[in-house]
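Report on one structure; see the data block that follows.
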Amino acid sequence: MRLNLSWVFMHTLLILIVIINLLTGLRIAAVHRPEVMLWSAFLPQGSLHSLHFSLGVTLLTLSLGYSFYRLYAHRFLQSPKRDKTQTRYHKFIILLGYTCLCILLLSGSLLYLGILPTDLLLNSHYVAALVLLVYIPLHAGSYFVQYGIKLFSTIFIASNQARKANVNFILCSIILGIGLFIFLSKTAPQTLIAHKIDISQYIKIDGHANEKIWASIKPQVVHTFGGANFNNGSTDIRVKVVQNEIEAFFHISWDDTSHSLSHLPLHKTKTGWQVLENGFYHFDEKTYYEDKFAIIISNNCDFAAANTAHLGPKPLADKPANWHGKGYHYTTDKSTTDQSIVDLWQWKAVRTNNMILMDDNYIGGPAQVRAGKRRYTAGYQTDAKQSGAYVMNWQWYKPNGIVPKRIPLDTSVLQTTGNNLQYDKLFPVLPWDDTKPYRAEHDTFAIGSTLPSVLYRSNRFEGDRADVRAFARWNDGQWSLELSRKLVTGSQYDISLKENVCLWFAAFDHSQTAHTRHVRPLQLKFR
Amino acid sequence: MAMIFRMIILLMLIVSIIMTAFNVNQTKPTATIGQWVKLNTTGVPIANWSGPWSCILDKNTGLIWENKDDNEGIHDANWTYSWSDGQGLGIENRGDCNFDNIRCDSQDLIRLARQEKTCGLSQWRLPTAEELITLINNTPPAGDPVIDTDFFSNTKRGAYWTADSRQPLKGFYRFLGQGATTISFIKGKKTATPYRNAAYVRLVTSERK
Ligand code: HEM
Ligand code: HEM
Numbered sequence: 062m063r064l065n066l067s068w069v070f071m072h073t074l075l076i077l078i079v080i081i082n083l084l085t086g087l088r089i090a091a092v093h094r095p096e097v098m099l100w101s102a103f104l105p106q107g108s109l110h111s112l113h114f115s116l117g118v119t120l121l122t123l124s125l126g127y128s129f130y131r132l133y134a135h136r137f138l139q140s141p142k143r144d145k146t147q148t149r150y151h152k153f154i155i156l157l158g159y160t161c162l163c164i165l166l167l168s169g170s171l172l173y174l175g176i177l178p179t180d181l182l183l184n185s186h187y188v189a190a191l192v193l194l195v196y197i198p199l200h201a202g203s204y205f206v207q208y209g210i211k212l213f214s215t216i217f218i219a220s221n222q223a224r225k226a227n228v229n230f231i232l233c234s235i236i237l238g239i240g241l242f243i244f245l246s247k248t249a250p251q252t253l254i255a256h257k258i259d260i261s262q263y264i265k266i267d268g269h270a271n272e273k274i275w276a277s278i279k280p281q282v283v284h285t286f287g288g289a290n291f292n293n294g295s296t297d298i299r300v301k302v303v304q305n306e307i308e309a310f311f312h313i314s315w316d317d318t319s320h321s322l323s324h325l326p327l328h329k330t331k332t333g334w335q336v337l338e339n340g341f342y343h344f345d346e347k348t349y350y351e352d353k354f355a356i357i358i359s360n361n362c363d364f365a366a367a368n369t370a371h372l373g374p375k376p377l378a379d380k381p382a383n384w385h386g387k388g389y390h391y392t393t394d395k396s397t398t399d400q401s402i403v404d405l406w407q408w409k410a411v412r413t414n415n416m417i418l419m420d421d422n423y424i425g426g427p428a429q430v431r432a433g434k435r436r437y438t439a440g441y442q443t444d445a446k447q448s449g450a451y452v453m454n455w456q457w458y459k460p461n462g463i464v465p466k467r468i469p470l471d472t473s474v475l476q477t478t479g480n481n482l483q484y485d486k487l488f489p490v491l492p493w494d495d496t497k498p499y500r501a502e503h504d505t506f507a508i509g510s511t512l513p514s515v516l517y518r519s520n521r522f523e524g525d526r527a528d529v530r531a532f533a534r535w536n537d538g539q540w541s542l543e544l545s546r547k548l549v550t551g552s553q554y555d556i557s558l559k560e561n562v563c564l565w566f567a568a569f570d571h572s573q574t575a576h577t578r579h580v581r582p583l584q585l586k587f588r
Numbered sequence: 151m152a153m154i155f156r157m158i159i160l161l162m163l164i165v166s167i168i169m170t171a172f173n174v175n176q177t178k179p180t181a182t183i184g185q186w187v188k189l190n191t192t193g194v195p196i197a198n199w200s201g202p203w204s205c206i207l208d209k210n211t212g213l214i215w216e217n218k219d220d221n222e223g224i225h226d227a228n229w230t231y232s233w234s235d236g237q238g239l240g241i242e243n244r245g246d247c248n249f250d251n252i253r254c255d256s257q258d259l260i261r262l263a264r265q266e267k268t269c270g271l272s273q274w275r276l277p278t279a280e281e282l283i284t285l286i287n288n289t290p291p292a293g294d295p296v297i298d299t300d301f302f303s304n305t306k307r308g309a310y311w312t313a314d315s316r317q318p319l320k321g322f323y324r325f326l327g328q329g330a331t332t333i334s335f336i337k338g339k340k341t342a343t344p345y346r347n348a349a350y351v352r353l354v355t356s357e358r359k
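Protein chains in written order, with the numbering used here: chain H, 62 to 588; chain B, 151 to 359.
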């Protein structure tokens with residue numbers, strides 16, 4: 062039996078789409094689903110989002126083409142007779158496959174568009190992908206068992222029936238696909254309006270956002286997903302931007318039911334001091350961490366954070382693997398002009414909020430490997446700084462016990478709460494001058510005492526790292542963050558805020574590296 | 151018969167995929183070996199990624215360098231010193247440190263490090279300019295001092311004394327006559343500096359462990 066060319070074409074394309082999107086999709090899932098990490102050895106590494114979405118568009122085209130084929134094929138394409146091969150078992154399995162593909166297409170498109178809350182969409186996309194994985198042996202495997210290798214010639218070699226009509230059908234589908242692709246890539250970014258305000262209008266960076274201007278602007282809502290904690294890893298972010306031609310001001314709020322200020326507290330146990338942690342040793346702390354929020358600003362509007370997200374334990378052959386196996390951020394642009402870096406601001410509820418600052422970082426090309434650094438971070442770097450404003454309160458971090466660096470002059474800020482630790486009540490930072498060096502001989506703390514882990518050496522960053530002013534308040538399940546930066550800073554590690562730059566937002570719920578994400582960038586438009 | 155055979159092939163394929171997934175080791179980073187070796191308080195080498203450490207051995211030159219800390223002891227990186235050789239050359243006690251509640255000069259640190267036997271060694275001294283320059287690393291992360299701070303922790307972006315004394319002073323300081331050479335870890339610049347100025351110190355020793 063021979064099948065017609067259109068069928069062979071569509072079926073082969075579908076096989077490719079399913080295999081590649083399962084592999085790329087599972088690698089994407091591994092970023093936030095530890096159970097997928099088990100299969101890491103089989104999954105591709107590197108920059109995979111664009112490929113996944115391109116094949117998503119191909120699948121969309123294919124489904125449109127296939128509907129047309131089902132409706133009209135009998136008229137001119139001569140559909141094959143195959144009632145003998147499709148037993149009831151196979152009919153049922155194929156129906157299952159179609160259901161999965163429909164769910165994947167629908168949920169994938171909605172995730173891509175970013176117009177609905179993402180929690181349920183992402184989970185259905187994932188479950189449908191897993192069922193599709195099982196579908197492969199049930200469908201292809203059982204055909205193989207039935208017919209053996211002669212099956213391959215049946216599905217990959219087409220008959221000569223209605224050759225011309227079939228070729229035309231295929232060409233039309235390809236043109237449709239290219240058209241859709243161009244249309245979608247042109248409309249990829251969403252718009253984020255920076256409203257013009259007068260220079261005389263004063264906005265206080267205090268997180269209250271009680272200036273009148275804020276009430277008059279409609280927020281742009283960004284549905285983000287794939288993080289740790291939150292509501293199944295998803296949260297909604299609301300963004301407002303104004304600018305006075307010198308500075309831009311942002312008011313950003315996001316949902317977070319837990320106000321997390323307990324940052325890797327030190328805890329005295331019978332065997333000595335320990336850092337309370339759950340994943341910190343492999344740089345993926347998800348419990349004892351402060352809340353954070355990050356913004357990316359880039360001249361490049363490609364998917365996956367300006368094409369900086371490269372997934373997998375070792376996406377670069379000549380650079381070290383990462384500890385958590387999830388991936389790295391780095392740019393791939395070979396030129397080293399300031400246009401090729403990506404600006405990254407990071408607000409930290411404990412370490413930077415008390416300084417009324419946001420940490421100003423950037424993502425560049427993969428950095429040189431340094432023998433003394435246990436954590437290689439590829440392109441993710443901090444901007445030039447004159448002095449480190451905060452240091453961690455241990456002499457050297459070890460998972461099985463540490464020696465504190467300093468203790469408070471006034472030990473009443475310490476907590477001894479026995480088995481009933483209330484970390485959130487712990488004073489989160491210690492100013493250097495209110496402390497003295499820790500000496501083991503004088504350690505009279507009771508078992509169960511906790512000490513803050515963040516020491517402020519000074520209450521400001523200096524240099525380029527202090528370009529972004531920011532302050533946030535938590536109230537009733539929401540963080541409200543106000544921030545400002547000059548439109549143009551002049552630093553080679555910053556990107557200017559101007560028409561058409563792209564932005565991404567990521568929220569961290571008491572986690573170190575696991576953050577939420579969204580698919581399409583927001584493109585800044587000045588009004 | 152053939153169908154059963156193919157069924158077995160299929161099952162074996164699936165089982166072997168699952169078994170491989172469980173057996174393949176996850177890629178984990180491993181430390182590379184470089185020029186620097188950390189030594190603990192008693193001078194025993196420790197691994198690159200462990201700590202704390204008190205000295206750093208340079209495998210290229212064989213020199214052992216003092217590591218700096220921030221715990222307000224004698225090795226605190228924040229203390230500054232005037233230059234003195236303890237025998238009349240230089241100017242004593244013009245730097246800021248908090249040991250002894252007096253002000254400090256380079257000779258004080260040398261004396262205390264020798265007394266303490268930092269890393270079990272007792273021939274601590276100021277490095278020559280030629281020696282100190284070997285620590286310069288011209289590709290630090292943005293804004294860091296020009297040194298490998300993963301080993302030479304707490305290094306300041308500022309001037310460090312060398313043993314090279316009797317250097318003619320230039321420009322503004324010419325009226326003071328002579329001074330000693332400092333190396334700045336901002337950009338690695340070498341300058342003749344008046345003995346009375348306050349600069350940082352990193353000691354070295356040529357003893358063998
Ligand atoms: C054969 C078809 C497909 C398969 C097997 C597949 C599989 C997957 C998997 C396993 C994930 C990870 C889910 C998770 O993180 O929990 C994923 C993510 C995603 N897929 Fe698909 N997918 C397919 C088609 C599509 C289509 C048609 C689109 C629409 C454009 C799409 C868009 C997305 C998006 C937007 C994400 C989220 C990306 C992110 O987490 O950053 N997928 N896909
Ligand atoms: C598809 C999108 C993205 C993926 C798959 C992704 C994935 C990752 C991964 C695997 C890490 C860990 C890297 C490491 O340990 O060095 C990471 C870290 C980070 N990401 Fe993303 N990311 C994405 C988008 C974004 C966006 C849009 C932002 C900011 C708006 C962002 C900000 C950050 C920050 C600040 C860190 C470092 C956290 C820290 O260790 O302090 N990422 N990301």
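For each residue, glycine too, the CB sits at the ideal point set by N, CA and C.
Have a look at residue i and residue j and give me their C-alpha separation to the nearest angstrom.
i       : j       : result
Y437(H) : N383(H) : 7 Å
L161(B) : G209(H) : 14 Å
D219(B) : G245(B) : 18 Å
R253(B) : W229(B) : 10 Å
I236(H) : I216(H) : 24 Å
K434(H) : W199(B) : 7 Å
I282(H) : D297(H) : Note that residue 282(H) corresponds to Val in the displayed sequence, not to Ile. Between V282(H) and D297(H), the C-alpha separation is close to 7 Å.
W334(H) : H328(H) : 6 Å
N65(H)  : R588(H) : 55 Å
L112(H) : F242(H) : 12 Å
S295(H) : L470(H) : 42 Å
G509(H) : L285(B) : 44 Å
R63(H)  : L156(H) : 22 Å
Q553(H) : K331(H) : 50 Å
F249(B) : Y350(B) : 15 Å
Y441(H) : P381(H) : 14 Å
S101(H) : Q176(B) : 8 Å
P344(B) : G327(B) : 8 Å
W565(H) : N292(H) : 20 Å
F301(B) : G308(B) : 17 Å
A439(H) : G426(H) : 7 Å
Within its chain, find whatever has a CB closer than 7 Å to the CB of residue i; leave out the 5 residues flanking it on each side and keep chain order.
i       : result
H576(H) : G288, A355, A567, A568, F569
F70(H)  : I231
P376(H) : Q106, G107, G388, Y389
R346(B) : S232, I241, R244
Output needed for residue i: all residues of its chain with C-beta closer than 8 Å, excluding positions within five of it in sequence on either side, in chain order.
i       : result
L189(B) : P195, I196, W203, S204, C205, I206, L207, I214, C269, K359
G538(H) : D316, D317, T318
R467(H) : N454, L491, W493, T496, K497, P498, Y499, L516
Take residue i and list the residues in its own chain whose beta-carbon comes closer than 6 Å to its own, dropping the five residues that flank it on each side.
i       : result
N481(H) : For N481(H), the predicted model reports a pLDDT of 39, less than 50, meaning its position is unreliable and no value from the coordinates is stated.
H110(H) : F364, A365
L558(H) : A309, L548
F405(H) : It should be pointed out that residue 405(H) corresponds to Leu in this sequence rather than to Phe. For L405(H), where only same-chain residues beyond five positions count, the Cβ hits under 6 Å are I357, N422, Y423, I424.
Would you be able to state if there are at least three C-beta pairs under 8 Å between the region 397-417 of chain H and the region 318-334 of chain H? yes
By the 9 Å beta-carbon criterion, what residues does the region 456-469 of chain H contribute toward chain C? No chain C is part of this structure, whose protein chains are labelled H and B.
Across the region 199-213 of chain H and the region 167-179 of chain B, are there enough close Cβ pairs to call them in contact, namely three or more that are closer than 8 Å? By the Cβ test, the region 199-213 of chain H is not in contact with the region 167-179 of chain B, since fewer than three Cβ pairs between them sit closer than 8 Å.
Counting Cβ pairs closer than 8 Å, one from the region 275-286 of chain B and one from the region 297-316 of chain B, do we hit at least three? As far as the Cβ criterion goes, the region 275-286 of chain B touches the region 297-316 of chain B, which means the pair count is three or higher.
Can you confirm whether the region 164-172 of chain H touches the region 185-198 of chain H when touching is taken to mean that 3 or more C-beta pairs between the two stretches lie within less than 8 Å? In this structure the region 185-198 of chain H touches the region 164-172 of chain H; the number of beta carbon pairs closer than 8 Å is three or more.
For the region 316-325 of chain B against the region 286-293 of chain B, do three or more pairs of beta-carbon atoms, one drawn from each stretch, fall closer than 8 Å, so that the two count as touching? no
Runs of beta strand (DSSP E) wholly within the region 507-586 of chain H (minimum 3 residues, chain order): 510-512, 515-517, 529-536, 539-547, 563-569
Are the region 238-256 of chain H and the region 80-90 of chain H in contact at 8 Å, needing three or more beta carbon pairs? no
Count the CB pairs spanning the region 533-548 of chain H and the region 257-266 of chain H that are closer than 8 Å, and state whether there are at least three. Taking a cut-off of 8 Å for Cβ pairs, the region 533-548 of chain H and the region 257-266 of chain H touch, as three or more such pairs fall below it.
As an exercise, report each continuous beta strand (DSSP E) stretch of at least 3 residues that is fully enclosed by the region 244-332 of chain H, in chain order. List check, beta strand (DSSP E) in window: 251-257, 281-285, 296-304, 308-316, 327-330.
If we require 3 or more residues per run, which beta strand (DSSP E) segments fall completely within the region 252-330 of chain B? 309-311
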